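Counted from 1, the sequence shown has number 591 at position 464 by my numbering; the numbering is strictly sequential.
Below is one structure, written out as structure tokens; the observations come after it.
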Amino acid sequence: MNKIHEECGVFGVYSSEVKNLASMTYYALYALQHRGQDSCGIVVNDGGVFTGKKDLGLVGDVFTKEVLASFGPGKIAVGHVRAGVKGSVTHANAQPLVVNHVKGTMALGFNGSLVNKNELRTELELQGSIFHSTADTEVIAYEIIKARLNAPSIERAVTNAMDKLKGAYCIVLMSPTKLIAARDPNGFRPLCYGVTEDGSYVVASESCALDAVGAKLVRDVKPGEVIVFDSMGVRSIEDHCNTAKMSSCIFEFVYNARPDSIVDGYSVHEARVEMGRYLAKKYPVEADVVISVPDSGNDAAIGYAKESGIPYELGFLKNKYVGRTFIFPDQKDREDQVRKKLNPISSVVNGKRVVMVDDSIVRGTTSGRVVKLLREAGATEVHFMVSSPPFLFPCYYGTDVPNKDMLIANQHTLEEIRQMVGVDSLNYLDLEDMKKIALMDGKNGFCYACFNGEYPTETPKSTGNKYETKINIEEYTKRH
Ligand code: 5GP
Ligand code: MG
Numbered sequence: 128m129n130k131i132h133e134e135c136g137v138f139g140v141y142s143s144e145v146k147n148l149a150s151m152t153y154y155a156l157y158a159l160q161h162r163g164q165d166s167c168g169i170v171v172n173d174g175g176v177f178t179g180k181k182d183l184g185l186v187g188d189v190f191t192k193e194v195l196a197s198f199g200p201g202k203i204a205v206g207h208v209r210a211g212v213k214g215s216v217t218h219a220n221a222q223p224l225v226v227n228h229v230k231g232t233m234a235l236g237f238n239g240s241l242v243n244k245n246e247l248r249t250e251l252e253l254q255g256s257i258f259h260s261t262a263d264t265e266v267i268a269y270e271i272i273k274a275r276l277n278a279p280s281i282e283r284a285v286t287n288a289m290d291k292l293k294g295a296y297c298i299v300l301m302s303p304t305k306l307i308a309a310r311d312p313n314g315f316r317p318l319c320y321g322v323t324e325d326g327s328y329v330v331a332s333e334s335c336a337l338d339a340v341g342a343k344l345v346r347d348v349k350p351g352e353v354i355v356f357d358s359m360g361v362r363s364i365e366d367h368c369n370t371a372k373m374s375s376c377i378f379e380f381v382y383n384a385r386p387d388s389i390v391d392g393y394s395v396h397e398a399r400v401e402m403g404r405y406l407a408k409k410y411p412v413e414a415d416v417v418i419s420v421p422d423s424g425n426d427a428a429i430g431y432a433k434e435s436g437i438p439y440e441l442g443f444l445k446n447k448y449v450g451r452t453f454i455f456p457d458q459k460d461r462e463d464q465v466r467k468k469l470n471p472i473s474s475v476v477n478g479k480r481v482v483m484v485d486d487s488i489v490r491g492t493t494s495g496r497v498v499k500l501l502r503e504a505g506a507t508e509v510h511f512m513v514s515s516p517p518f519l520f521p522c523y524y525g526t527d528v529p530n531k532d533m534l535i536a537n538q539h540t541l542e543e544i545r546q547m548v549g550v551d552s553l554n555y556l557d558l559e560d561m562k563k564i565a566l567m568d569g570k571n572g573f574c575y576a577c578f579n580g581e582y583p584t585e586t587p588k589s590t591g592n593k594y595e596t597k598i599n600i601e602e603y604t605k606r607h
């Protein structure tokens with residue numbers, strides 16, 4: 128439903144001793160499930176012997192007790208969860224990818240999107256490479272293998288391959304004896320590492336996965352950094368650090384990441400609360416209750432309520448047991464799905480003027496349905512606060528927007544959207560306010576390309592730079 132994000136979650140562990148790493152990886156992937164529900168995989172390495180299993184489906188479905196029991200113990204393991212857009216959800220695209228080459232075996236998990244993958248792939252194919260998947264991961268694997276032929280070590284091969292990779296990537300790689308983590312020089316996607324009480328090192332897309340396996344967050348992997356975990360301990364290679372301006376994805380804070388994660392030093396929850404506060408400061412309304420569209424609107428709704436003094440209440444019950452079971456292809460069914468998932472608590476909204484907070488509007492379909500439910504439950508007014516600016520531009524760094532027509536803000540004016548969604552008022556967080564929150568401590572840089580069309584890197588050649596929007600971007604960025 129509404130899926131436009133081709134997100135992934137990566138995990139890796141280098142253990143202080145040989146032990147059951149499949150179950151540890153399983154718990155970590157469980158915590159990263161929100162980053163991808165289409166396929167998942169685990170590879171465990173016992174003295175250079177790789178045992179892996181990957182499949183389409185949720186972590187809990189693929190890794191049954193029996194499957195987990197079939198893994199032996201190991202010293203290193205990697206895991207992956209993947210969300211693919213339509214057509215790319217195949218077994219071949221599932222990860223980690225295990226590759227055998229003359230210099231040894233490696234397993235690779237990847238999150239992001241390369242802006243030059245087509246060029247790299249064509250070059251590789253003309254040199255004789257044969258691809259089995261459409262995933263960027265395979266391109267990266269080939270580049271590392273190629274670089275390995277002239278490099279003294281696998282980590283050198285990774286850094287040399289990075290010279291060629293452009294765009295967003297976080298890589299977790301396992302060789303027979305090492306665990307390697309790498310993050311692109313812009314630091315688009317999150318990646319951090321931590322340590323467990325018994326001295327095992329873990330790497331993950333988000334710190335919530337470290338919490339899930341009882342590891343303490345040490346720090347984020349720096350943009351451009353390659354970190355090696357092996358019998359010698361932890362080493363950092365910083366050849367690519369400071370070669371680009373940091374541009375961590377702001378949408379991680381809007382929607383992708385879990386609120387209990389710390390990304391690049393920021394609490395995702397606190398950032399969202401702050402977004403809600405800014406909305407309340409700039410767009411106060413007379414209302415009786417603040418509610419969220421769960422779960423993505425929860426944190427910002429709390430912020431709006433705190434700042435405005437209007438009480439926060441549970442406006443919707445979200446059915447926890449609706450997972451991926453109800454996936455219907457057409458629009459009518461998609462609408463029904465909203466009703467299966469969310470039900471208004473009528474005593475909270477009946478006869479009330481409601482502030483409804485959600486993190487983003489993509490197509491507007493869900494929002495329209497949700498508002499209809501509120502009206503049916505007796506809400507007298509619905510004021511919709513969106514805790515991010517209008518989603519106007521395609522993302523080339525892991526959020527795949529195949530068709531601009533999918534983005535309601537790209538196709539319609541603010542007033543048109545308000546009418547289509549059926550609310551009394553509609554306000555988006557101003558980009559300037561979002562920047563104020565993001566740059567609060569002036570420490571990091573962020574990518575806002577989906578909101579302002581300013582891309583920190585070159586964009587894919589075939590796609591062009593920007594596309595026309597009906598909304599005037601100035602209207603949002605310079606409103607105040
Ligand atoms: P819309 O009204 O645009 O149909 O849906 C808005 C909702 O979509 C918001 O609640 C937002 O959290 C959610 N959303 C944003 N991006 C994604 C995504 O990639 N996948 C899913 N399932 N929901 C998303
Ligand atoms: Mg949502």
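C-beta: ideal position from N, C-alpha, C; glycine also.
Fair warning: this is a prediction, and the values are worked out from it, not measured in the lab.
Residue from the options whose Cα sits closest to the Cα of residue i
{"i": "residue 358", "options": "525, 306, 538, 226", "result": "306"}
{"i": "residue 496", "options": "422, 193, 547", "result": "547"}
{"i": "residue 303", "options": "251, 190, 227", "result": "227"}
{"i": "residue 588", "options": "242, 166, 169, 221", "result": "242"}
{"i": "residue 291", "options": "248, 491, 170, 323", "result": "248"}
{"i": "residue 246", "options": "263, 234, 272, 233", "result": "263"}
{"i": "residue 475", "options": "466, 505, 233, 222", "result": "505"}
{"i": "residue 563", "options": "215, 377, 340", "result": "377"}
{"i": "residue 167", "options": "223, 561, 572", "result": "223"}
{"i": "residue 410", "options": "393, 423, 430", "result": "430"}
{"i": "residue 170", "options": "135, 215, 221", "result": "221"}
{"i": "residue 580", "options": "537, 565, 519", "result": "519"}
{"i": "residue 219", "options": "386, 261, 285", "result": "261"}
{"i": "residue 172", "options": "395, 152, 499", "result": "152"}
{"i": "residue 445", "options": "424, 494, 469, 439", "result": "469"}
{"i": "residue 386", "options": "408, 338, 361, 366", "result": "338"}
{"i": "residue 362", "options": "354, 369, 570", "result": "354"}
{"i": "residue 372", "options": "536, 345, 399, 313", "result": "313"}
{"i": "residue 230", "options": "238, 278, 265, 206", "result": "278"}
{"i": "residue 193", "options": "216, 158, 150, 176", "result": "150"}
Buried or exposed (CB count within 10 angstroms, at least 16 for buried), residue i
{"i": "residue 550", "result": "buried"}
{"i": "residue 567", "result": "exposed"}
{"i": "residue 269", "result": "buried"}
{"i": "residue 196", "result": "exposed"}
{"i": "residue 544", "result": "buried"}
{"i": "residue 142", "result": "buried"}
{"i": "residue 525", "result": "buried"}
{"i": "residue 598", "result": "Confidence at residue 598 is low in this model, with a pLDDT of 48, below 50, so its placement is unreliable and the value that follows should be read with caution. That one is buried."}
{"i": "residue 272", "result": "buried"}
{"i": "residue 267", "result": "buried"}
{"i": "residue 422", "result": "exposed"}
{"i": "residue 417", "result": "buried"}
{"i": "residue 453", "result": "For residue 453, the predicted model reports a pLDDT of 43, less than 50, meaning its position is unreliable; a value from the coordinates is still stated below. Exposed, because fewer than 16 other Cβ atoms sit within 10 Å of the Cβ of residue 453."}
{"i": "residue 356", "result": "buried"}
Cβ distance (whole Å) where residue i is taken to contact residue j below 8 Å
{"i": "residue 382", "j": "residue 487", "result": "6 Å"}
{"i": "residue 402", "j": "residue 428", "result": "Not really, about 10 Å apart at Cβ, beyond 8 Å."}
{"i": "residue 204", "j": "residue 145", "result": "Actually they do not touch by this definition, with Cβ atoms about 11 Å apart."}
{"i": "residue 584", "j": "residue 293", "result": "6 Å"}
{"i": "residue 558", "j": "residue 516", "result": "5 Å"}
{"i": "residue 420", "j": "residue 483", "result": "6 Å"}
{"i": "residue 510", "j": "residue 414", "result": "6 Å"}
{"i": "residue 332", "j": "residue 572", "result": "Actually they do not touch by this definition, with Cβ atoms about 19 Å apart."}
{"i": "residue 160", "j": "residue 189", "result": "Not quite, the Cβ-Cβ distance comes to about 11 Å (not below 8 Å), so this is no contact."}
Residue i: first and last residue of the uninterrupted alpha helix (DSSP H) it sits in
{"i": "residue 433", "result": "425 to 435"}
{"i": "residue 144", "result": "It is not in any alpha helix (DSSP H) - residue 144 instead sits in the beta strand (DSSP E) that spans 135 to 146."}
{"i": "residue 561", "result": "558 to 565"}
{"i": "residue 194", "result": "192 to 196"}
{"i": "residue 577", "result": "576 to 579"}
{"i": "residue 547", "result": "541 to 548"}
{"i": "residue 248", "result": "244 to 253"}
{"i": "residue 335", "result": "334 to 339"}
{"i": "residue 495", "result": "492 to 503"}
Beta strand (DSSP E) segment containing residue i, residue limits
{"i": "residue 484", "result": "480 to 485"}
{"i": "residue 508", "result": "508 to 513"}
{"i": "residue 178", "result": "176 to 183"}
{"i": "residue 263", "result": "Looking at the DSSP string, residue 263 is not in any beta strand (DSSP E); the run it does join, the alpha helix (DSSP H), is 263 to 275."}
{"i": "residue 308", "result": "306 to 310"}
{"i": "residue 188", "result": "Note, residue 188: premise wrong, no beta strand (DSSP E); alpha helix (DSSP H) at 186 to 189."}
{"i": "residue 323", "result": "319 to 323"}
{"i": "residue 206", "result": "201 to 209"}
{"i": "residue 233", "result": "231 to 241"}
8 Å Cβ cutoff, residue i in contact with chain D
{"i": "residue 183", "result": "Reference to chain D is not applicable here, since this structure consists of a single protein chain."}
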